[in-house]
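Working notes, structure below.
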């Protein structure tokens with residue numbers, strides 16, 4: 028009788044796992060069950076529709092440092108399927124990739140459809156079956172494998188790969204908890220900061236290449252590009268902060284204060300020295316019209332207003348009190364965060380199946396023989412930049428190889 032592997036979830040990890048199984052174990056019937064009408068949804072929206080497939084950090088140890096949760100396990104997995112292996116996998120199948128200045132890797136086409144088309148072609152070539160709008164409501168293990176209750180009826184499988192993605196509600200993991208797995212309560216990760224009471228709407232679209240965001244009264248402090256939006260702050264500096272401090276922010280109910288340094292490379296002493304130079308060398312210039320540190324004019328004007336500097340005041344006329352306020356606005360501008368917004372459509376959770384419930388060598392459950400895990404269903408998440416997809420590829424590849432050799 029033909030062996031059957033059921034893959035729960037038609038996302039990045041589910042597809043990669045299914046393709047790995049089918050490629051390494053011809054003759055096995057591999058079936059992907061996707062509850063929605065579309066597969067590879069996150070692949071489609073990733074990187075603004077360009078699909079950020081991975082990052083050019085090719086050293087396993089360094090790569091693992093980009094994961095607030097799961098890095099220790101991933102370091103071992105990256106030694107077996109790394110970012111360089113991902114690049115090679117796509118190239119061998121005809122997809123040329125390019126590396127951008129910040130290390131993110133995209134298809135040369137700049138279209139996620141290129142990646143989706145590749146997965147669909149590979150699935151067709153390898154005979155992987157795809158069942159959309161097919162909901163798996165129960166998986167019952169028995170001596171011969173698994174019995175699956177689906178919206179299309181009962182089905183049998185010898186092995187199961189659970190790649191159902193992350194969920195915002197802990198109850199979505201109840202069926203796995205009932206099978207003995209420890210579940211880490213899920214909380215959002217990778218979100219932007221809402222700053223509704225600071226009047227930033229007219230500054231929307233301003234981007235700073237190297238800002239620092241520090242959460243008041245905490246250890247959380249990250250640098251990187253910062254974007255002002257209609258609702259507050261976004262960009263890598265904010266997204267990195269939200270990822271590492273995900274649980275802390277959840278406990279604070281997303282209400283906290285931040286300090287923004289608009290140029291992370293310029294400390295307070297350097298800023299004071301620069302202002303002193305302008306006081307002595309450019310005394311007749313109107314402060315509002317000459318931004319320091321190449322700051323965008325609209326932002327500079329707002330910072331001058333926050334420092335209570337009149338529009339027509341010159342540098343020579345700047346009182347010490349306002350000078351000190353300007354320094355504060357440049358290196359420690361204070362904002363109150365009240366809420367969050369999901370980063371585009373790339374919803375990521377911190378939480379899921381605890382890694383203590385999984386054999387890191389095979390991604391097999393320690394509680395249910397023949398059940399494996401990959402992707403965001405696990406308590407693994409990375410910062411933005413292709414890291415979450417790399418975790419999906421690596422966990423799915425390891426799980427797929429283990430299944431192909433054990434069935």
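Numbering (our numbering), first residue to last: 28 to 434. Glycine included, each C-beta is placed from N, C-alpha and C at the ideal position.
- The C-beta separation of residue 205 from residue 416 comes to about 30 angstroms, leaving the pair out of contact by the 8 angstroms criterion.
- Taking the Cβ atoms as the reference, residue 401 lies roughly 6 angstroms from residue 188, within the contact range of under 8 angstroms.
- Bounds of any beta strand (DSSP E) do not take in residue 309, whose DSSP letter is neither H nor E.
- If you compare the alpha carbons of 357, 172, 146, 310 with that of residue 327, the shortest gap goes to 357.
- Look at residue 35 here: in three-state DSSP terms it is strand.
- The beta carbon of residue 376 is closer than 8 angstroms to those of 193, 194, 195, 213, 214, 215, 216, 403, 408 in its chain, skipping five residues each way along the sequence.
- Residue 212 sits in a strand when the DSSP states are folded into three classes.
- Runs of alpha helix (DSSP H) with 4 or more residues, each lying fully within the stretch 221–275, are found at 263–271, listed in chain order.
- Restricted to the stretch 131–199, the beta strand (DSSP E) segments that are unbroken, complete and at least 3 residues in length are 131–134, 156–159, 163–169, 172–177, 180–184, 186–189, listed in chain order.
- The C-alpha of residue 179 lies about 13 angstroms from the C-alpha of residue 59.
- Residue 115 and residue 42 have their C-alpha atoms some 17 angstroms from each other.
- In the same chain as residue 291, and ignoring 5 residues on each side of it, the C-beta atoms closer than 7 angstroms to its own belong to 237, 238, 239, 250, in chain order.
- Straight across, the Cα-Cα distance linking residue 96 with residue 406 is about 7 angstroms.
- For residue 68, the enclosing alpha helix (DSSP H) starts and ends at 68–76.
- Judged by pairs of C-beta atoms under 8 angstroms, the stretch 307–319 touches the stretch 333–341, as three or more such pairs exist.
- In the assembly as shown, residue 257 is an exposed residue. Its beta-carbon has fewer than 16 other beta-carbons within 10 Å.
- Separation of the CB atoms of residue 132 and residue 82 is rounded to 6 angstroms, and the pair is thereby assigned contact status at 8 angstroms.
- Residue 262 is not a Cβ neighbour of residue 221, given a cutoff of 8 angstroms.
- Proximity to residue 38 across 71, 53, 77, 32 peaks at 71, based on C-alpha coordinates.
- With respect to residue 335, residue 352 sits close: the two C-beta atoms are nearer than 8 angstroms.
- Between residue 272 and residue 394, the alpha-carbon positions lie close to 30 angstroms from each other.
- According to DSSP, residue 367 shares a beta bridge with 220.
- Taking a 10 Å sphere around the C-beta of residue 75, we find fewer than 16 other C-beta atoms and assign the residue as exposed.
- Under DSSP, residue 321 forms no beta bridge with any residue.
- Per the DSSP secondary-structure output, residue 408 pairs in a beta bridge with 96.
- In the DSSP assignment, no residue is bridged to residue 344.
- If you draw a 10 Å sphere on the C-beta of residue 165, you find fewer than 16 other C-beta atoms in it, and that means exposed.
- Beta-bridge partners assigned by DSSP to residue 335: none are found.
- Exposure of residue 135 is indicated by the presence of fewer than 16 other C-beta atoms within 10 angstroms of its C-beta.
- Around residue 210, the same chain offers 200, 204 as residues with beta carbons nearer than 6 angstroms, after the five sequence neighbours per side are excluded.
- Annotation: the continuous beta strand (DSSP E) that includes residue 379 extends over 375–380.
- Between the alpha carbons of residue 423 and residue 235 lies a distance of about 36 angstroms.
- Closest by C-alpha distance to residue 329, out of 289, 40, 306, 295, is 289.
- For residue 104, the closest of 380, 418, 219, 35 by C-alpha to C-alpha distance is 418.
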